[in-house]
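Chemist: Protein chains in written order, with my numbering: chain A, 54 to 346; chain B, 1197 to 1419.
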């Protein structure tokens, strides 16, 4: 039985003019769902509507039997009564409060001290508990934001590109931490991400949004097509140089830059700045373990 | 030459009272202005900024009319609260509070509006109401602006002349503040005393602004 269901419409003003966001989705108890898609597709707006920070034009949002928003009956439960945990893209840590005060902010008096200590410990923040947010590293801020969101035992956890501001190494270790956290404190989670690896790791279902609608959904492996035996990357063309029948493309994939040779005809309609999908046979490529650090 | 220091004392007493009282009175107004989506917000913002464009003497004139015992408001205040706001120090304080509203409200409100919206949203999502959010998250995040509001009010009160003259008269020891004393001394060609008052005002204003800059710099470093 789905614990969370939503069906909303909202007109959005985007850089490319007006657009209608029209989404229907359900999230099961303890399911981890990802929203994937280009910027401006409406991912963040969707999270904000669930949290009550943005109001749909019409539709219905419900958690179990509790209606949070219904345009027909005029119900609109304010954010503070929905019991969601939200991790903002900029973390939104309270600048004048120490790490532990940030974490304790959403707690009721009676539960404060034990719950706070538990969270400080499980996120490895014990030694930073008295520090102000501006003195923390990106990873520490992210962990504080996550601990703060989880503190009051939210009924659903919303993560808005929580790792996008971090370097790849930090990302990998925090993905692991998020994964572990979810096992320790299971809570239905909706994650907005641009990063396929992150989605593979942290979700069991992905919704692809494009221009305000869900165009594909399912397990990440099916949606991103990892089922055939090919290596797939998406990258950006940096430069292109003709070498007779061949054309050498320099492509950035994630943090790496590679040069690949393609037939000149195939490269004809490509120019620097284009997004490209690259796939190659995945039988027996060189695979080496990397030492972290 | 003996110089009467009472006008200087009155000026600083008035400035301290104005800054302190206005700070606490302005917070609920700032709270409302920050959160309201009502079109009334614009009207109130215009009213808040009226003292910036109006000559203070005009302000003083209306206050003199309304607070005079001949006017129903002044009559009411006098008989209900034994409060006479014309030609009294209390009247100066009330006039100064009204005149300084933009100097207190504007720096604090613009600092609040410069904060990322996510701070307020994060607090709401964590189950707190707007007033708690305002008091515990927003206001502590803009400490330098709070100080700026108080210091601007303080400094502006030190320099006030027209309104003070209108509503206070210039009763020695009660409403004859330093700026009026300067004018009086010059009129009676007593330049020595005028010099002393002026020098004291310049020194005090400069010191206040210097302290503001230094304290804000310290905030900027620890923040």
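For each residue, glycine too, the CB sits at the ideal point set by N, CA and C.
Got a sec: does the ligand FMN put a non-hydrogen atom nearer than 6 Å to the Cβ of residue 82(A)?
Modeler: As for the ligand FMN, it is missing from this structure, which has no ligand bound.
Chemist: What would DSSP say about residue 1199(B), mapped onto helix, strand or coil?
Modeler: If DSSP states are grouped into helix, strand and coil, residue 1199(B) belongs with coil.
Chemist: Name, going along the chain, the residues of the region 1344 to 1369 of chain B whose beta-carbon falls closer than 7 Å to a beta-carbon of chain A.
Modeler: Close to chain A, meaning a Cβ-Cβ distance shorter than 7 Å, is no residue of the region 1344 to 1369 of chain B at all.
Chemist: By DSSP, does residue 1344(B) sit in helix, in strand, or in coil?
Modeler: helix
Chemist: Excluding the five sequence neighbours on either side, which residues of its own chain have a C-beta within less than 8 Å of the C-beta of residue 278(A), listed in chain order?
Modeler: 285
Chemist: For residue 1333(B), go through chain A and note every residue whose CB falls closer than 7 Å to its CB, in chain order.
Modeler: Result: 147.
Chemist: Which residues in chain B have a C-beta closer than 8 Å to the C-beta of residue 139(A)? List them in chain order.
Modeler: 1317, 1318 and 1321
Chemist: Residue 1311(B) and residue 1337(B) - do their beta-carbons sit closer together than 7 Å?
Modeler: yes
Chemist: Which residues in chain B have a C-beta closer than 7 Å to the C-beta of residue 143(A)? List them in chain order.
Modeler: 1312 and 1314
Chemist: Would residue 1306(B) count as contacting chain A if we go by Cβ distances under 7 Å?
Modeler: no
Chemist: Quick one: any contact between the region 1201 to 1220 of chain B and the region 1289 to 1301 of chain B, if contact means 3 or more CB pairs under 8 Å?
Modeler: yes
Chemist: Report the start-end ranges of each alpha helix (DSSP H) in the region 1211 to 1291 of chain B that is 4 residues or longer and not cut off at the edges.
Modeler: 1236 to 1249, 1252 to 1263 and 1268 to 1277
Chemist: Can you find the residues in the same chain that come closer than 7 Å, C-beta to C-beta, to residue 139(A), ignoring five residues on each side of it along the sequence?
Modeler: Excluding five sequence positions before and after residue 139(A), the CB atoms of its chain that fall closer than 7 Å to its own CB belong to 104, 202 and 211, given in chain order.
Chemist: Could you tell me the alpha carbon to alpha carbon distance between residue 1413(B) and residue 1304(B), rounded to whole angstroms?
Modeler: 17 Å
Chemist: In the DSSP assignment, what residue or residues form a beta bridge with residue 140(A)?
Modeler: 212(A)
Chemist: Taking just the CA atoms, how far does residue 1378(B) sit from residue 1410(B)?
Modeler: 30 Å
Chemist: Count the other CB atoms, across all protein chains shown, that sit within 10 Å of the CB of residue 236(A); report buried if there are 16 or more and exposed otherwise.
Modeler: Exposed: under 16 other Cβ atoms inside 10 Å.
Chemist: Starting from the Cα of residue 1222(B), find the closest Cα among 1333(B), 1384(B), 1256(B) and 1297(B) and give me that residue.
Modeler: 1297(B)
Chemist: Among the candidates 268(A), 259(A) and 316(A), whose CA atom is the shortest distance from the CA of residue 274(A)?
Modeler: Residue 259(A) is the option with its Cα nearest to residue 274(A).
Chemist: Would you give the residue range spanned by the alpha helix (DSSP H) that residue 1315(B) belongs to?
Modeler: That run of the alpha helix (DSSP H) goes 1313 to 1321.
Chemist: Looking only at its chain, what residues have a beta carbon closer than 8 Å to the beta carbon of residue 147(A), apart from the 5 residues adjacent to it on each side?
Modeler: 154, 155, 158 and 186
Chemist: Residue 1367(B): buried (16+ other C-beta within 10 angstroms of its C-beta) or exposed?
Modeler: exposed
Chemist: What residues from chain A crowd round residue 1336(B), counting only those whose CB sits closer than 9 Å?
Modeler: Ordered by position in chain A, the residues that pass the 9 Å Cβ test against residue 1336(B) are 147, 148, 149 and 150.
Chemist: Which of the residues in the region 120 to 136 of chain A, read from start to end, lie with their CB under 8 Å from any CB of chain B?
Modeler: Residues passing the 8 Å Cβ filter: 131, 132, 133, 134, 135 and 136.
Chemist: For residue 159(A), return the contacting residues in chain B, with the cut-off set at a CB-CB distance below 7 Å.
Modeler: Residues of chain B passing the Cβ test: 1322 and 1323.
Chemist: Roughly how many whole angstroms lie between the Cα atoms of residue 1203(B) and residue 1403(B)?
Modeler: 19 Å
Chemist: So with Cβ pairs under 7 Å, would you call residue 104(A) a contact of chain B?
Modeler: yes
Chemist: For residue 1367(B), does the three-state DSSP call read helix, strand or coil?
Modeler: Residue 1367(B): coil per DSSP, three-state reduction.
Chemist: Straight-line CA distance for residue 294(A) to residue 324(A)?
Modeler: 10 Å
Chemist: Please report how far the alpha carbon of residue 7(A) lies from the alpha carbon of residue 261(A), in whole angstroms.
Modeler: The structure shown has nothing for residue 7(A), since chain A only spans 54 to 346.
Chemist: Do residue 74(A) and residue 65(A) have their C-beta atoms within less than 7 Å of each other?
Modeler: yes
Chemist: Taking only runs that begin and end inside the region 158 to 239 of chain A, name each unbroken beta strand (DSSP E) of 3 or more residues, in chain order.
Modeler: The DSSP assignment places 209 to 213 as complete runs of the beta strand (DSSP E) inside the region 158 to 239 of chain A, in order along the chain (cut-off: 3 residues).
Chemist: Please name the residue or residues paired with residue 245(A) in a DSSP beta bridge.
Modeler: 88(A) and 213(A)
Chemist: Nearest to residue 117(A) by CA position, among 300(A), 208(A) and 195(A), is which residue?
Modeler: 208(A)
Chemist: Taking 8 Å as the limit between beta carbons, can you name the residues of its chain near residue 1226(B), skipping five residues before and five after?
Modeler: 1301, 1304, 1305 and 1308
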